[in-house]
Amino acid sequence: MLKHYLDLSLRNIKKNTIYSAINILGFSIGIAVVLYIIQYVVYELSYDSFINEAEYIYRVDHTQYTSEKEWQGSARNYLGLGPALKEKLPDVADFCRISKNLDATRGVPLKYQDKIFYEQNVYYVDSTFLDFFSVQLVSGNSKTALMNGNSVLISTSIAKKLFGDKDPIGLVITELDNENSNRIVTGVFEDIPENSHLKFDILIPIFGDPNYKFFVQDPWYSPAWYTYVKMGSKIKDQKDVNLVATSIARTYKADFIKNQLRIVFTPVTSIYLQSDFKDELKINGSLNLVFFLILVAFLLLAISSINYSNLSIVFAMDRSKEVGLRKTFGASATQLRKQFLIDSFVTNLLSLGIAIVLYVVFSPSFNDIIGKNINASLNYIVFTGAVIGVLIVSTLLSGAYPAILLSSFKPVDVLKGKLVMNNRSFSLRKALVVFQFCIALILIIWSLFVSGQLEFMRTANIGFNPDNQLIIHNPTAYSRVDNEHRYDDYLVFKKEVLNSAAIESISTSSSVPGTEIGFTYVNSIKKHVNGVYDPTPYKVMYVGYDYLSQLELQLLAGRNFSEDFLSDAKYGSIILNAEAIKVLGYSSPEDALNKYIYFQQLDEWEKVQIIGVVKNYRHVSLKSPVSPTLFYLSQDKGQQVFYSLKFAKNSSQHVISSVKDIWKKVYPGKPFNYFFLDDHYDIQYAHEKRLQLLTTFFSNVVIFICCLGLINLALFEGKKRSKEIGIRKVLGASRRSILFLLMADFLKLVILANIIAWPIAYLIINKWLQSYPERIHINGILFLVASLASIALVMLSVFLSTYKTTNINPVKAIKSE
């Protein structure tokens, strides 16, 4: 019986080759995209699932409050928090702390023999780290590998990179920034999976951190450490645990800040998709994006299925006699439903086969769009389950209604030729077309606004000039050796570089735009010596003499740093941005000029004079509000992290070559690591670029599938109305009037879809734009562009599919069958 059903299904496909081919093409594209989405969603949801007992592990984050509002917290916490929680919170079985250099543009300088390299993924960790995060050693003893302060563990990829096939155990790597510490390789571990919020290639014991000696003297000085705890059991009431942990932490903090500190426990498996704290170890994903993709996957299946359902409904007249005869000869409604569901199954199965081919061929392109190689971690069991699930769901979505409708025909009416499709069937078909184009229009409109917001952020006035700026990492920025010679080396380098005609200026800074300012001070600013502490978090940058002018920051009042003023070089002068002036309560930049404020560094309060005020600029992207920022003049130590060189237009390649030659003379053996400021700043919008690509891609796929469905419907409509068209032509109707007649019904449906889609799209876009402090305005132009584009595509699709119908010979069209 099954073979009989399959033969009938294949015969029906062969009979309607063109319609079936278009249908299968649309289905194939839709299913291929759905498979991509499923794999991506599974990948995103699998983050950190490889960790044993992950349900008991939490990262301990913190937030700090002002009297008015909460400001964004940090994923980092205090060095003393882990031991305190283990001691005073009975459910805490153990803790693990991590320290990492957050300067993602530089990394830690390491040396093996004559090889010097910068490694960004270096963690300083407690000895519990390997057990906490299920790190598998391929060589070495996991119990003792992190017990020695001079130990270092490396990943298999680093071992291959540095040592080739040589056994690395016992070999020495030198950490150049940390007093040239020699570290002995005591273990090699398997590379961490990509689907983890952690990313490390080198592990060093926590007391090997160059800052550990300082922080251990006051473990509650500053939140600079990532703290994880392993609970004895899964937390049932997280709010209660947060309150208890907060009360424990507050007992260790000074009076002026203790009531602002709050502790937050974040499950390790929730960090990647649900944590939005600052100072994350990696750029996190978005749970909203995952939900959006799940919705898109369902809608794509629904839209593809609608094409099949619509065509099945309009084909009902052709198959009505078949149904009538089979019912007359004893076929039950259940048997007929099985037949039509198998028709749907065969169509979906053929589509699925083509979809898998498309999936394999175009997966590299999809990986480029999402920015990840998810194929490398493909779970074939999950993928096979997804394929089977998609086949079942799409079969039911596309075949259920046609099966019920066609099996309900009465054989007497069919065989007498009295079968007339009821209005409900036609209304449903129209509703399905309207639904399709509503989804397509919403995606098109949203993609236009995503592109508009991205363009707005990339072209907005950011308050400085990032063009023609070459940024070089200071090779001795964090070094604790040769302190007295470092600034001298810079002066030599500066003199040599300025001899080049292409270099206009050079300066230094502790941070550059596009990278979060590393120094944040809370309760460290006072307007008066006996004034109250200002709980506002201030950003502090240390810059060279020409840095502000080199970036073309606009002075609102006062002057820049100058070698003519001795106080500038002795940290007696300070420049603020307009936001800092506002927070401090000055009425204007002029009002703040030459006033003194008090700035705490360690335990000492320094009296500094405001010598200038600069206009607010966007140090980081427009996704974040402007922070109150203080600028100090820097000449030494770790505050000169970057050298900034401004060069003449269209001379970048020449500049790199000439500067590199100078670098080799001044800093022999030091890596020449550089980047261009405009490119670096643009990296901040990677998420928006990806979202733009995804929305554009999905809207194009959806509109393409919708148009395929319309082409099928229009072809069938033209075929069914061929006699009417013939009669109209005999009576003198022009080809143009007939084309308009055939287009009119579809045009009405698309206009109705626009009317429904506009308010829905408006609500979605308005909600999305609220997440940006500065955003474009919602205007009707983009809505109108999307609507006109959709109408034009629909008219073109209908025109191409019905043009041939208008050329038929009227004699043949009206001739009796």
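Quick note on UniProt numbering: the sequence shown kicks off at 1 and runs consecutively. Ideal Cβ placement from N, Cα and C applies to all residues, glycine included.
Three-state secondary structure assigned by DSSP to residue i
i	result
residue 821	Outside the displayed range of the chain (1 to 817) lies residue 821, so it cannot be described from this structure.
Thr395	helix
Asp564	coil
Val420	For Val420, the predicted structure reports a pLDDT of 49, less than 50, and the residue's modelled location is therefore unreliable. The matter cannot be settled from this model.
Phe50	coil
Met457	helix
Ile346	With the sequence shown as reference, residue 346 is identified as Val, and Ile is not the correct amino acid for it. Residue state, collapsed to three classes: helix.
Lys143	coil
Trp220	coil
Ser500	coil
Val433	helix
Ile517	coil
Val390	helix
Leu710	helix
Asp489	helix
residue 819	Past the boundaries of the shown model lies residue 819; the chain is included only from 1 to 817, so the question cannot be answered.
Leu10	helix
Tyr36	helix
Proximal residues to residue i (C-beta, below 7 Å), its chain only, five neighbours per side dropped
i	result
Pro466	Pro513, Leu677, Asp678 and Tyr681
Leu454	Tyr685, Glu688, Lys689 and Gln692
residue 866	As shown, the chain starts at 1 and ends at 817. That puts residue 866 outside it, with no answer to give.
Thr266	Tyr58, Arg59, Asp61 and Ser275
Sequence-distant residues of its chain with Cβ nearer than 8 Å to residue i (five each side left out)
i	result
Phe129	Cys96, Ile98, Tyr123, Val135, Leu146 and Leu203
Val701	Ile29, Gly30, Val33 and Leu300
Met231	Tyr56, Ile57, Tyr58, Asp91, Val92 and Ala93
Ile169	Ser139, Gly140, Val185, Thr186, Gly187 and Val188
Burial state of residue i (16 or more Cβ within 10 Å)
i	result
Gln770	exposed
Arg11	exposed
Arg618	buried
His62	buried
Gln469	buried
Phe132	buried
Lys199	exposed
Asp568	buried
Asp368	exposed
Val420	Because Val420 carries a pLDDT of 49, less than 50, the predicted location of this residue cannot be relied on, and the following value inherits that uncertainty. Classification for Val420: exposed.
His777	exposed
Val433	buried
Delimiting residues of the beta strand (DSSP E) encompassing residue i
i	result
Phe117	Lys115 to Glu119
Ser181	Ser181 to Phe189
Tyr685	Taken as a continuous stretch (DSSP letters only), Tyr685 belongs to no beta strand (DSSP E), as it is neither H nor E.
Ile204	Ile202 to Pro205
Gly107	Unbroken run through Gly107: none, as it is neither H nor E.
Phe631	Thr629 to Leu633
Tyr586	Unbroken run through Tyr586: none, as it is neither H nor E.
Asp94	Val92 to Lys100
Tyr643	Phe642 to Phe647
Tyr124	Val122 to Val125
Lys539	Tyr538 to Val543
Range covered by the alpha helix (DSSP H) that runs through residue i
i	result
Asp743	The sequence shown places Met at residue 743, not Asp. Residues Arg735 to Leu769.
Pro250	The amino acid occupying residue 250 in the given sequence is Arg; Pro does not appear at that position. Per DSSP, Arg250 belongs to the alpha helix (DSSP H) from Gln238 to Arg250.
Trp663	Ser652 to Val666
Gly612	Gly612 -> not in any alpha helix (DSSP H); beta strand (DSSP E) instead, spanning Glu604 to Val614.
Thr269	Careful: Thr269 lies outside any alpha helix (DSSP H) and carries neither H nor E.
Thr156	Thr156 to Phe163
Leu85	Leu81 to Lys88
Ser549	Tyr547 to Gln550
Glu590	Pro589 to Ala592
Phe129	Phe129 to Phe132
Lys213	Tyr212 to Phe215
Nonlocal neighbours in the same chain, by C-beta distance under 6 Å from residue i, ignoring five residues either side
i	result
Gly709	Asn307
Gly140	Thr186 and Gly187
Ile471	Val512, Phe642, Ser644, Phe675 and Leu677
Ala757	Cys438, Leu441 and Ile442
Exercise for review: May I ask you to verify whether the segment 24-36 touches the segment 390-399, counting CB pairs closer than 8 Å and requiring at least 3?
Suggested key: yes
Check your understanding: Would you say the segment 599-616 touches the segment 555-573, given that touching needs at least three Cβ pairs under 8 Å?
Key -> yes
Point to revise | Meets three-Cβ-pair contact criterion under 8 Å: the segment 586-595 and the segment 626-636 | key: no
Review point. Does the segment 152-169 touch the segment 189-205, meaning 3 or more C-beta pairs lie closer than 8 Å?
Key: yes
Review point. Would you call the segment 487-497 and the segment 662-677 touching, i.e. three or more CB-CB distances under 8 Å?
Key: yes
Review point. Just checking, does the segment 442-453 make contact with the segment 781-794 on the three C-beta pairs under 8 Å criterion?
Key: yes
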